[in-house]
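*Asks:*
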């Protein structure tokens, strides 16, 4: 199986080339040429499988002609050793906790899988692979920890100055070694634009082997499919339709779920819960896509005004708005609504949600207004301690910082300032050659 560009202006490539290229030369996004369906027997018996076993079955079905299956199995069993528990709030509302990895965010699943896959693919190259990644918060920390000290791989993380939480910034800027942080004087979209410009710079790419660890890289999406099936397994006993509410920014997480549904995941509906960065919401309401500058909110990892993965969502639905609406409902929420949701979840369920999970929770509530006979799961994508300055005052309670974050507090910040001009970024990139 090959991987094609959503813009269809370049030839399809192998899995290795899709992973190492990150972004096609025509500025599209890579998609698998076919999405194979899991066997009905596997879906029916999913409760009998462990999370790593489920993950391997999914990956082997999707990638069966792309990579040695024994190698794939070893990569998955090494990377997907993180729990993804579904926590019951009441008979209808549940949360999928995706923060049990090293960086306390859902992106650990993708980063760990990607690091091992890339390390395998690059081992025969006679030069280092340089990972360029833009982050609005959690991606950078997950990539930094996932790729830390990976042989033959160096990572550059671009993050918007003053627009990530203090603990997130510590994860980006304190590791050193093969991890470099660039503090961009702009917003996330500026960071993402710089990365995309580098990928489209043919002269640079002839001299520097670069790839991406954002959700634009197909190898980031593949492992995110895994936990959708793991969550479904944990609520099967209700014998009701399942809906998933996904806090959405760049829409990689939701896209992974949609691919899972194509593979046979029995999900009734996805909910794209967004903050004031409502580009996707307006797209579904009005039928016209208009990107806009991102707005800083409490749920910073979702502050994306021009979500890249909309290209993949359109591709999965033949660019037909009515088909997208059949699979995805969407709602948008303000900072004030997010704060009230954090308070409500704590008071009603004695559960502490982070701002992103709170947006997902609100999405479920709105969906339930017209759809009651179902089980809902919202994604809790980051540990609340990563947003302690927001969450603790709202719930009037101390939030314990896990030790793997706490040890970063005494480390020195290592970050280079960067403008939003590509010419400045290119100077930095040429220094790596």
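Residue numbers (the numbering used here): 172 to 604.
Beta carbons: idealized from backbone N, C-alpha and C, even for Gly.
Provide the residue span of the alpha helix (DSSP H) that contains residue 247, from first to last.
*Replies:* 240-250
*Asks:* Rounded to whole angstroms, what's the CA-CA distance from residue 332 to residue 355? Just pull it up for me.
*Replies:* 5 Å
*Asks:* At a cut of 8 Å, does the region 477-488 reach the region 451-463 through at least three beta carbon pairs?
*Replies:* yes
*Asks:* Closest to residue 366 by C-alpha separation, out of 304, 475, 557, would be which residue?
*Replies:* 304
*Asks:* Suppose only complete runs of 3+ residues qualify. What are the beta strand (DSSP E) ranges in the region 364-410, listed by chain order?
*Replies:* Entirely contained in the region 364-410, the beta strand (DSSP E) runs reaching 3 residues are, in chain order, 381-383.
*Asks:* According to DSSP, what are the bridge partners of residue 330?
*Replies:* 354
*Asks:* Assess contact between the region 295-310 and the region 579-588, defined as three or more Cβ pairs (one per stretch) separated by less than 8 Å. Is contact present?
*Replies:* no
*Asks:* DSSP state of residue 584, grouped into three classes?
*Replies:* coil
*Asks:* On the three-pair Cβ rule with 8 Å, is the region 492-503 touching the region 436-450?
*Replies:* yes
*Asks:* Are three or more beta carbon pairs between the region 394-404 and the region 241-258 nearer than 8 Å?
*Replies:* With a cut-off of 8 Å, the region 241-258 and the region 394-404 count as touching, because enough Cβ pairs lie within range.
*Asks:* How would you call residue 385, buried or exposed, if buried means at least 16 neighbouring beta carbons within 10 angstroms?
*Replies:* Result: buried.
*Asks:* Could you tell me the boundaries of the alpha helix (DSSP H) in which residue 527 lies?
*Replies:* 526-539
*Asks:* Measure the beta-carbon distance from residue 559 to residue 570 and round it to whole angstroms, keeping in mind my assumption that it falls under 8 Å.
*Replies:* 5 Å
*Asks:* Which whole-angstrom value describes the C-beta separation of residue 292 and residue 181, a residue pair presumed to lie in contact below a C-beta threshold of 8 Å?
*Replies:* About 19 Å separates the two Cβ atoms, so there is no contact after all.
*Asks:* Counting along the chain, where does the beta strand (DSSP E) carrying residue 429 start and finish?
*Replies:* That residue, residue 429, is in no beta strand (DSSP E); its alpha helix (DSSP H) goes 423-433.
*Asks:* What does the alpha-carbon distance come out to for the pair residue 350 and residue 330?
*Replies:* Roughly 13 Å separates the two Cα atoms.
*Asks:* For the region 416-431 and the region 465-479, state whether three or more C-beta atom pairs, one from each stretch, are separated by less than 8 Å.
*Replies:* yes
*Asks:* Just reading off the beta strand (DSSP E) that residue 285 is part of, what are its end residues?
*Replies:* Residue range 278-293 is occupied by the alpha helix (DSSP H) that includes residue 285, with no beta strand (DSSP E) assigned at that position.
*Asks:* For residue 249, which option in 267, 287, 215, 562 has the closest C-alpha, if you only look at C-alpha atoms?
*Replies:* 287
*Asks:* Please list, in chain order, all residues of the same chain as residue 561 whose beta carbon is under 7 Å from its beta carbon, the five residues on each side excluded.
*Replies:* 469, 526
*Asks:* So, residue 285 versus residue 390, is the Cβ gap smaller than 8 Å?
*Replies:* yes
*Asks:* For a minimum of 3 consecutive residues, which ranges assigned as the beta strand (DSSP E) are wholly contained in the region 434-498?
*Replies:* Correct list: 440-445.
*Asks:* Give me the DSSP bridge partner(s) of residue 418.
*Replies:* 444
*Asks:* Quick one: measure Cβ to Cβ for residue 575 and residue 341, integer angstroms, because I've assumed they're closer than 8 Å.
*Replies:* At roughly 11 Å, the Cβ-Cβ gap does not stay under 8 Å, so residue 575 and residue 341 are not in contact.
*Asks:* If distances are taken between C-alpha atoms only, which option among 564, 176, 494, 374 comes closest to residue 141?
*Replies:* Any question about residue 141 goes unanswered here, given that the chain covers just 172 to 604.
*Asks:* Mark residue 362 as exposed unless 16 or more other C-beta atoms lie within 10 angstroms of its C-beta, in which case mark it buried.
*Replies:* Buried, since its Cβ has 16 or more Cβ neighbours within 10 Å.
*Asks:* Leaving out five residues before and five after residue 278 in sequence, what residues of the same chain have Cβ atoms less than 6 Å from its Cβ?
*Replies:* 309, 310, 313
*Asks:* At what residues does the alpha helix (DSSP H) containing residue 232 begin and finish?
*Replies:* 222-234
*Asks:* Exposed or buried, which one is residue 268 when buried takes at least 16 other CB atoms within 10 Å?
*Replies:* buried
*Asks:* According to DSSP, is residue 553 part of a helix, a strand, or is it coil?
*Replies:* strand
*Asks:* Would DSSP call residue 190 helix, strand or coil?
*Replies:* Here residue 190 sits in helix by DSSP.
*Asks:* Which of the three DSSP states is assigned to residue 547 in this structure?
*Replies:* strand
*Asks:* Measure the CB-CB distance between residue 204 and residue 175 and report whether it falls below 8 Å.
*Replies:* yes
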